[in-house]
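Protein chains in written order, with our numbering: chain Y, 15 to 308; chain B, 172 to 438; chain C, -1 to 360.
Here's the structure we're looking at; comments come further down.
Structure, rendered in structure tokens:
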């Protein structure tokens, strides 16, 4: 769509700018401030320049955590996005069934994250949890299932919990996007003799580009920053096998209470998320060049 | 036949979705000792004491009330700020628009832990600690960008010609925006309201850090189920079930906006 | 190209229709001749889109049958009927080029690539789209997009009819003219059956050979634009067609005169005779163009008071009050009226009698 050129549009954006700037810039300045100092106590700090950044960037444990994080977030996107699309396509369009589906779908999203972790602990326990008991009764594994018995078990449980928890977000966004497609497109496709795959590929998928961008970026960012759920479920273990970046950061910050390195770490963390989000964003924007609107 | 397969698959998915919830319900209706000692598919000794505790103990039910208050405040605020901004991004080209849009998103990219101490200091300074408005404002950090983002997408699906026609017909901007435009993006407003509600409702770190007692929400109170005797699983489960209710209501109310979507030609 | 028959079609959107008002289409019984250019004209909500969807197969009617060249297609879905439909807004496959958009219906039907190319180039030529073939369809202007929508219908050489549902709605006014002309050209060139739904009488009257006027789910009149103007069979046709619409005055019959609140207006003998036989509420109808306005008394003249006069450039609209009723007269631009009291004359051949909203007949 051809946009109107008018700098007075800034007035419409001003409230948003003010409130977000206020919430973001002040803390950011604080963090930058801490990241370049060695803080011994209140009012007792020494300027150390890039010292913490160097230390963090060469920290092996940070590299490991980063690697695990990429695998985790990658798996999240690979599973949740297609699954969410499929669910949205299968959902009823109207009537009581649509309402019931929407409410059911939303439920996992509404549970506080620490509760989710805790509930899945119980759920997967081999003695009192349905999932744990169920898997073990099948007698397929050499080591009995317990969510922290082995790194692979921990990962499986974590992924199951994560997919269970967040796929509905993708599905809801895609559903809203699908409902916004005018009926005439489907009618024209029928008249043109298009197969349902063609309808998906040429009508539904392109028109969902907007919501899919939001879904991909949100899931990327939130999974990369994830803390509460994996911490509640595995505490980062067994060993370090599920210690993702956020968990490592908190361990570092609360363990040694070293604000300096923690702040430097936070900034590096932020920049990584920023970089990849930017890449995704540009990629999705370019795919859509010339495709926006009717 | 094809439709049959689809609904069956969907039904299967919903069942898988519900199972952990059912398990939580199961636990909420049992005594702690019962939960830890025996595995059973359904509660054999049903007890409502976990729920009764929540409804009668003020430290518990006030958690729900507090949360409802600041979450509602935040949803309204986020929508109010985001709607005009989203319109601007959708309809206008102005200095720094692309950069500003992306900058908004970046506010969701920092690990939340980073903001805790600065926020605490900030809100202490202006004496807003332990107030609902503090949490509502703090949540705007991540909800407002999301709201702008989602709304802009929906708004861009509406041709500018509709705005132009309305202005030619003599509508003032507020009247056009409120009576014509917003109804057209109903689906988007519904989705946005739900997400703002949801992200604010489940958020723990800010809600816990910025409140003490007056505005303490249920998500924070629930972490107190850890006691000397270990986790009170039954109570935790009961609260887990109850926390679903407000959100389920919200999505019930916006379900029509989601399902109807936007239909050209009805303009 | 096909002849389309609608036999006793009625449709209701309500599951269990009880009374007449539950029906969106009350009784449609009509034949659309092969190769004709038809307009389906009526106000919003009169059922035109419903009827169009019944023809195309997007809707199965509650009652009645649809025949293409004598074959019953009522239960056939649209893709089996070989029709093309153009919607109110351009419906395109945004990710494809113009060429691929036009080729899409053919490729779905497994037409050989050479044939596909030939047909697409042919249709692109007719629609002046040839320079755009390689471009992405999404980037073009609304009128080009509508042409592509039309093109997807034209590529199929066996297309039975092309249905248009208010296709010029999103087109800029300057370009509407060009598109309308192009549609007429295509009709003359390809001799396809075209059915054009609209609420705009100018579009209908300029495009069609035959206009079908719809009102509240019924076809109230079918005829050439000329016939509809001169001989409206239904009050609605009189009111809807013409700018401004027909004047109507409630009246009673007194021999050869119609009496409007006591004032006598002469009728021609034939009209009066038919009026005598008619039953129901009588109304007198006259088109603004036919109503004569005189500065002094004339034979058969009726006094009236001028209310307003609007100068529309090439003609004037005079609003007068006659015995409590408002009438409009359309005067040529050089005819000036300066006084407030005038005399109206109702030329008998312009004056029609309506009983219960229908034109009196033999």
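Don't be surprised by glycine CBs; every beta carbon is placed ideally from N, CA and C.
Note that the structure is a prediction, hence the values are computed from the model and not measured.
**Asked** When the distance is taken between beta carbons, is residue 315 of chain B closer than 7 Å to residue 30 of chain Y?
**Response** Along the first chain, read from residue 1 onward, the residue named residue 30 of chain Y stands at position 16. Along the second chain, read from residue 1 onward, the residue named residue 315 of chain B stands at position 144. Their beta carbons are under 7 Å apart, which means residue 30 of chain Y touches residue 315 of chain B by this criterion.
Practice prompt. Compile a chain-ordered list of the residues in the region 315 to 345 of chain B whose CB is closer than 8 Å to at least one CB of chain Y.
Written response: Going along the region 315 to 345 of chain B in chain order, one finds 315, 316, 317, 319, 320, 321, 324, 325, 327, 328, 330, 331 with a Cβ nearer than 8 Å to chain Y.
Check the Cβ of residue 150 of chain C against every Cβ in chain Y and list those closer than 7 Å, keeping chain order. Residue mapping note: residue 150 of chain C aligns to position 152 of the third chain, counting from 1. In chain order: 206.
Does residue 212 of chain B come out as helix, strand or coil in the three-state DSSP assignment?
The residue labelled residue 212 of chain B in the question sits at position 41 within the second chain. In this structure, residue 212 of chain B counts as coil in the three-state DSSP scheme.
Between which two residues does the beta strand (DSSP E) harbouring residue 106 of chain C extend? Sequence index remark: in the third chain, residue 106 of chain C carries index 108 (1-based). First-last for residue 106 of chain C: 96 to 106, but that is the alpha helix (DSSP H), not the beta strand (DSSP E).
Span of the alpha helix (DSSP H) around residue 363 of chain C:
Beyond the ends of chain C as shown, which are -1 and 360, falls residue 363 of chain C; an answer cannot be given.
query = Is it buried or exposed for residue 333 of chain C, if we count other Cβ within 10 angstroms and need 16 for buried?
reply = On the third chain, position 335 is the one that residue 333 of chain C refers to. That one is exposed.
Burial state of residue 345 of chain C, where buried means 16 or more other Cβ atoms lie within 10 Å: Against the third chain, residue 345 of chain C aligns to sequence position 347. Residue 345 of chain C should be labelled exposed.
To the nearest angstrom, report how far apart residue 360 of chain C and residue 248 of chain C are at their CA atoms. In the third chain, counting from the first residue as 1, residue 360 of chain C sits at position 362. In the third chain, counting from the first residue as 1, residue 248 of chain C sits at position 250. Straight-line spacing of the CA atoms in residue 360 of chain C and residue 248 of chain C works out to 21 Å.
Check: Would you say residue 90 of chain Y reaches chain B, if we count a Cβ-Cβ gap shorter than 7 Å as a contact?
Finding: Residue mapping note: residue 90 of chain Y aligns to position 76 of the first chain, counting from 1. With 7 Å as the cut-off, residue 90 of chain Y does not count as an interface residue toward chain B.
Round the Cβ separation of residue 65 of chain C and residue 17 of chain C to the nearest angstrom and send it over; I've been treating them as touching at under 8 Å.
Position 67 of the third chain, counting from 1, holds the residue named residue 65 of chain C. Position 19 of the third chain, counting from 1, holds the residue named residue 17 of chain C. Rounded, the Cβ-Cβ distance is 29 Å, inconsistent with contact.
query = Exposed or buried, what is residue 234 of chain B when buried is set at 16 or more other beta-carbons lying within 10 Å of its beta-carbon?
reply = Within the second chain, residue 234 of chain B is the residue found at index 63, counting from 1. By the 10 Å Cβ count, residue 234 of chain B comes out buried.
Q: Let me know the secondary structure DSSP gives residue 140 of chain Y once reduced to three states.
A: Here residue 140 of chain Y refers to the residue found at position 126 of the first chain. Three-state DSSP puts residue 140 of chain Y in coil, outside helix and strand.
With respect to the alpha helix (DSSP H) encompassing residue 64 of chain Y, which residues constitute its N-terminal and C-terminal limits? Mapped onto the first chain, residue 64 of chain Y falls at position 50. DSSP places residue 64 of chain Y outside any alpha helix (DSSP H), giving it a letter other than H or E.
Query - Residue range of the beta strand (DSSP E) that includes residue 169 of chain C - result: For the purposes of this step, residue 169 of chain C is identified with residue 171 of the third chain, where counting begins at 1. Taken as a continuous stretch (DSSP letters only), residue 169 of chain C belongs to no beta strand (DSSP E), as it is neither H nor E.
| query | On the three-state DSSP scale, how would you describe residue 348 of chain C? | reply | Position 350 of the third chain holds residue 348 of chain C. Residue state for residue 348 of chain C is assigned as coil, using DSSP reduced to three classes.
Query raised in the report: Along chain Y, in chain order, which residues have C-beta atoms closer than 7 Å to that of residue 103 of chain C?
Result: Counting from 1 along the third chain, the entry for residue 103 of chain C is found at position 105. Close partners of residue 103 of chain C in chain Y (Cβ separation under 7 Å): 206, 207.
- Tell me the start and end of each unbroken alpha helix (DSSP H) in the region 198 to 275 of chain C that is at least 4 residues and wholly inside, in chain order. Counting only runs of 4 or more, we get 199 to 205, 223 to 228, 233 to 238, 267 to 275.
Notebook entry, point to check: Cβ of residue 218 of chain B within 7 Å of Cβ of residue 228 of chain B?
Noted result: The count along the second chain starts at 1 and reaches residue 218 of chain B at position 47. The count along the second chain starts at 1 and reaches residue 228 of chain B at position 57. The answer is no: Cβ separation not under 7 Å.
| request: Would you list the one or two residues that DSSP bridges to residue 191 of chain C? | output: Working through the third chain from its first residue, we reach residue 191 of chain C at position 193. DSSP lists C/159 as the bridge partner or partners of residue 191 of chain C.
Original post:
Should residue 91 of chain C be flagged as near chain Y, meaning a C-beta pair shorter than 7 Å?
Top reply: Within the third chain, numbered from 1, the residue matching residue 91 of chain C stands at position 93. Residue 91 of chain C counts as touching chain Y.
**Prompt:** Between residue 367 of chain B and chain E, is there a C-beta pair that is closer than 7 Å?
**Reply:** Reference to chain E is not applicable here, since the protein chains of this structure are Y, B and C.
(request) Kindly say whether residue 244 of chain B, judged by its beta-carbon, lies nearer than 7 Å to any beta-carbon of chain Y. (result) Here residue 244 of chain B corresponds to residue number 73 of the second chain, with the count starting at 1. False, the Cβ-Cβ gap to chain Y never drops below 7 Å.
**Asked** Roughly how many angstroms separate the alpha carbons of residue 130 of chain C and residue 270 of chain B, rounded to a whole number?
**Response** For this step, residue 130 of chain C is matched to residue 132 along the third chain. For this step, residue 270 of chain B is matched to residue 99 along the second chain. In this structure, the CA atom of residue 130 of chain C is about 33 Å from the CA atom of residue 270 of chain B.
- Would a check of beta-carbon distances place residue 379 of chain B closer than 7 Å to chain Y? Reading the second chain from its first residue, position 208 is the one you call residue 379 of chain B. It does not: the Cβ of residue 379 of chain B has no partner Cβ on chain Y nearer than 7 Å.
Using a cut-off of 7 Å between C-beta atoms, extract the partners of residue 76 of chain C located in chain Y. By one-based count along the third chain, residue 76 of chain C stands at place 78. Going along chain Y in sequence order, the residues near residue 76 of chain C (Cβ under 7 Å) are 204, 205.
CB contact check: residue 144 of chain C to chain Y, cutoff 7 Å: Position 146 of the third chain, counted from the first residue, corresponds to residue 144 of chain C. No - not a single Cβ of chain Y is within 7 Å of the one on residue 144 of chain C.
When you compare the CB of residue 199 of chain Y with every CB in chain C, is at least one pair closer than 7 Å? Mapped onto the first chain, residue 199 of chain Y falls at position 185. Output row for residue 199 of chain Y: interface = yes.
According to DSSP, residue 313 of chain C sits in a beta bridge with which residue or residues? Here residue 313 of chain C refers to the residue found at position 315 of the third chain. Note: residue 313 of chain C sits in a beta bridge opposite C/330.
Is DSSP giving residue 177 of chain B helix, strand or coil here? Stepping through the second chain from its first residue, residue 177 of chain B is reached at position 6. The answer is helix: DSSP assigns residue 177 of chain B an H, G or I state.
Which residue from B/335, B/212, B/216, B/311 puts its Cα closest to that of residue 251 of chain B? Along the second chain, one-based indexing puts residue 251 of chain B at 80. Comparing Cα positions, the closest option is B/311.
**Prompt:** For residue 221 of chain Y, is the classification buried or exposed, using 16 other Cβ atoms within 10 angstroms of its Cβ as the cut-off for buried?
**Reply:** By 1-based counting over the first chain, the position of residue 221 of chain Y is 207. Buried is the call here.
ask   = Three-state secondary structure (DSSP) at residue 6 of chain C?
value = By 1-based counting over the third chain, the position of residue 6 of chain C is 8. Note: residue 6 of chain C maps to strand in three-state DSSP.
ask   = Checking contacts by CB at 7 Å: is residue 17 of chain C closer than that to chain Y?
value = Against the third chain, residue 17 of chain C aligns to sequence position 19. Residue 17 of chain C does not count as touching chain Y.
- prompt: So what's residue 148 of chain Y in DSSP terms, helix, strand or just coil?
  reply: Counted from its first residue, the first chain places residue 148 of chain Y at position 134. DSSP, read as helix, strand or coil, puts residue 148 of chain Y in helix.
message: To be precise: take each residue of the region 235 to 257 of chain C, compare its Cβ to all Cβ atoms of chain Y, and keep it if any distance is under 9 Å. Which residues remain?
response: For the region 235 to 257 of chain C, the beta-carbon criterion of a distance under 9 Å to any beta-carbon of chain Y is satisfied by none of its residues.
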